[in-house]
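Residue numbers (our numbering): 988 to 1102. Here a beta-carbon is modelled for each residue, glycine too, at the ideal position from N, C-alpha and C. These notes concern the structure reproduced below.
Written out as structure tokens, the structure is:
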């Protein structure tokens, strides 16, 4: 038993809305870092984290558009070029975001312990 069309539409809309909110948040963080007068060194990792989150959200926003667009292959069994690029973007930038988060946490722990 699968999802109904209404449930799939609700899921799609909720994914799109949360991805757009994530884009706004990442752009806000990047804008704050970019226009910060002091240009603190520790903001660099936060900028990399926000950039990878931004690219993940951008890949997520375009989740449904490549299916029937001009980049589609025309064959239902062959993935379109845009679909493959979108999947690559989501996987790559999601993992990059997790890695930058681990680096930021590691540096925070080092700073708190005095090393």
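Buried or exposed by the 16-neighbour rule on C-beta atoms within 10 Å, applied to residue i
i            : result
residue 1042 : buried
residue 1073 : buried
residue 1086 : exposed
residue 1084 : buried
residue 992  : exposed
residue 1134 : What is shown of the chain runs 988 to 1102, which leaves residue 1134 out entirely.
Closest residue to residue i among the options (Cα-Cα distance)
i            : options                : result
residue 1088 : 1008, 1035, 1076, 1075 : 1035
residue 1090 : 1029, 997, 1012        : 1029
residue 1081 : 1093, 1097, 1037       : 1037
residue 1077 : 988, 1006, 999         : 1006
residue 1092 : 1069, 988, 1032        : 1032
residue 1049 : 1069, 1016, 1026       : 1069
residue 1002 : 1044, 1098, 1099, 1075 : 1044
N- and C-terminal bounds of the alpha helix (DSSP H) containing residue i
i            : result
residue 989  : Residue 989 -> no alpha helix (DSSP H), and no H or E assigned at all.
residue 1031 : 1030-1048
residue 1076 : 1068-1100
Span separating the alpha-carbon of residue i from that of residue j
i            : j            : result
residue 1046 : residue 1009 : 11 Å
residue 1004 : residue 1013 : 14 Å
residue 1101 : residue 1094 : 11 Å
residue 1016 : residue 1023 : 11 Å
residue 989  : residue 1000 : 18 Å
residue 1026 : residue 1019 : 10 Å
residue 1011 : residue 1071 : 25 Å
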